[in-house]
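Here's the structure we're looking at; comments come further down.
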Amino acid sequence: ILNVEQSPQSLHVQEGDSTNFTCSFPSSNFYALHWYRWETAKSPEALFVMTLNGDEKKKGRISATLNTKEGYSYLYIKGSQPEDSATYLCASYYTGGFKTIFGAGTRLFVKA
Amino acid sequence: DAGVIQSPRHEVTEMGQEVTLRCKPISGHNSLFWYRQTMMRGLELLIYFNNNVPIDDSGMPEDRFSAKMPNASFSTLKIQPSEPRDSAVYFCASSGLAGHNEQFFGPGTRLTVL
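Protein sequences appear in the order of chains Y and H. To convert, take the position in the first sequence, counting from 1, and add 2; that gives the working numbering. To convert, take the position in the second sequence, counting from 1, and add 1; that gives the working numbering.
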């Protein structure tokens with residue numbers, strides 16, 4: 003059974019703090035990893051798509067890295083702002099039908 | 002582009018009734034995904050179409066669920082008969098080449114089965 007795990011489950015930080023989350027996934031038959039940002043009462047929005055081992059992507063204060071050999075990805079937020087408060091989901095894709103497995107997400111709360 | 006369009010946004014129905022959820026993907030996208038979100042299980046992939054053809058329906062919970070994509074601009078997810086445990090938010094998403102490209106999610110349909 004393929005399982006994608008995210009940690010921590012939730013995180014409370016102060017405005018200005020930098021933070022990071024982890025997404026762990028099975029590396030066998032791995033194809034791609036996506037990160038999404040999901041605000042309450044809205045739909046998930048894509049942040050990054052990564053496929054290659056060692057990939058690093060950046061968008062503003064948010065960046066992500068990928069290690070396909072050991073099966074993990076980190077998402078970093080530098081200088082958190084209250085508007086960063088959301089659930090951050092990772093989803094791993096596998097060859098052979100593009101099976102998609104979502105993690106349960108990390109819920110981030112940024113206090114002003 | 003208006004993004005992925007889903008209808009209805011909210012649906013309240015009684016157990017045993019047929020429910021049809023609709024999705025219009027972003028023009029030019031050739032992959033379409035149906036997801037279900039529940040408190041217990043989070044976000045689950047139900048079925049994935051590529052070029053209107055169902056590729057992976059292993060996430061469809063049971064025979065009461067069916068999905069079609071008659072053309073590149075329209076897909077339906079049908080539940081017949083509906084049960085209270087089907088209550089959830091159902092999202093449709095579309096993308097270019099699956100896996101390679103980010104998915105764009107619709108606003109979701111909140112289904113309540115009484």
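We treat Cβ as the ideally placed atom computed from N, Cα and C, and that holds for glycine. This one's a predicted model, so the numbers in the text were calculated from it and none came from an experiment.
Cutting at 7 Å between CB atoms, please list the residues of its own chain near residue i, excluding the five before and the five after it.
i        : result
H/ILE56  : TYR49 and PHE50
H/ARG37  : GLU45, LEU47, ALA89 and TYR91
H/VAL67  : The sequence as given places Ser at residue 67 of chain H; Val does not occur at that position. Within the same chain, H/SER67 has close Cβ partners LYS79.
H/GLU84  : MET16 and VAL114
Y/ASN55  : LEU68, ASN69, THR70 and LYS71
H/PHE106 : VAL5, PHE92 and ALA94
H/ILE27  : ASP2, GLY4, VAL5, SER95 and PHE105
Y/LYS59  : PHE50, MET52, SER65 and ALA66
Once the 5 residues before and after residue i are set aside, which same chain residues still bring their CB inside 6 Å of it?
i        : result
H/GLN104 : ALA94 and SER96
Y/THR89  : TRP40, GLY107 and ARG109
H/THR77  : THR21, ARG23 and LYS69
Y/GLN11  : none
Could you spell out where the beta strand (DSSP E) holding residue i opens and where it closes?
i        : result
Y/HIS36  : 32-40
Y/ALA48  : 47-52
H/HIS101 : H/HIS101 -> no beta strand (DSSP E), and no H or E assigned at all.
H/LEU115 : Premise fails: H/LEU115 is in no beta strand (DSSP E) and is neither H nor E.
H/ILE56  : 54-57
Y/ALA88  : 88-96
Y/GLN83  : Unbroken run through Y/GLN83: none, as it is neither H nor E.
H/SER88  : Looking at the DSSP string, H/SER88 is not in any beta strand (DSSP E), and its letter there is neither H nor E.
H/PRO71  : 66-72
Out of the options, which has the shortest C-alpha to C-alpha gap to residue i?
i        : options                               : result
Y/LYS113 : Y/TYR76, Y/GLY56, Y/GLN8 and Y/SER20  : Y/SER20
H/GLY109 : H/GLU15, H/GLU19 and H/LYS25          : H/LYS25
H/GLU63  : H/ARG86, H/PHE34 and H/MET41          : H/ARG86
Y/SER65  : Y/GLY18, Y/PRO46, Y/MET52 and Y/SER45 : Y/MET52
Y/TRP37  : Y/GLN83, Y/TYR78, Y/THR97 and Y/GLU85 : Y/TYR78
Y/THR42  : Y/ASP86, Y/LYS59 and Y/CYS25          : Y/ASP86
Y/SER45  : H/ASN102, H/LEU98, H/MET61 and H/GLN7 : H/GLN7
Y/ALA48  : Y/THR97, Y/VAL15 and Y/LEU91          : Y/LEU91
Y/SER9   : Y/SER82, Y/TYR76, Y/LYS80 and Y/GLN83 : Y/TYR76
When you compare the CB of residue i with every CB in chain B, is at least one pair closer than 8 Å?
i        : result
Y/LEU110 : Judged by its chain identifiers, the structure shown contains no chain B, and its protein chains are Y and H.
Output needed for residue i: all residues of its chain with C-beta closer than 8 Å, excluding positions within five of it in sequence on either side, in chain order.
i       : result
Y/LEU13 : THR21, PHE23, THR108, ARG109, LEU110 and PHE111
Y/SER29 : THR70, LYS71, GLU72 and GLY73
H/ARG10 : PRO108, GLY109, THR110 and ARG111
H/THR14 : VAL20, SER83, LEU112, THR113, VAL114 and LEU115
Y/ALA34 : VAL51, MET52, THR53, SER94 and TYR95
H/MET61 : LEU47, ILE48, SER67 and ALA68
* Taking only beta carbons into account, state which residues of the stretch 32-48 of chain Y come closer than 7 Å to chain H, listed in chain order. => Residues of the stretch 32-48 of chain Y with a C-beta atom less than 7 Å from some C-beta of chain H are TYR33, ALA34, HIS36, SER45, PRO46 and ALA48, listed in chain order.
* Please list the residues of the stretch 36-69 of chain H that have a C-beta atom closer than 7 Å to any C-beta atom in chain Y, keeping them in chain order. => Cβ proximity to chain Y below 7 Å picks out GLY43, LEU44, LEU46, TYR49, ILE56 and ASP57 from the stretch 36-69 of chain H.
* To do: Pull out every residue of the stretch 71-88 of chain H whose Cβ sits closer than 8 Å to any Cβ of chain Y, in chain order.
  => Cβ contacts with chain Y: none found.
* **chain H contacts made by the stretch 6-27 of chain Y, where a contact means CB separation under 9 Å** => Listed by position along the chain: nothing, the set is empty.
* Near-chain H residues of the stretch 55-70 of chain Y - C-beta to any C-beta below 8 Å -> Residues of the stretch 55-70 of chain Y that bring their beta carbon within less than 8 Å of a beta carbon in chain H are absent altogether.
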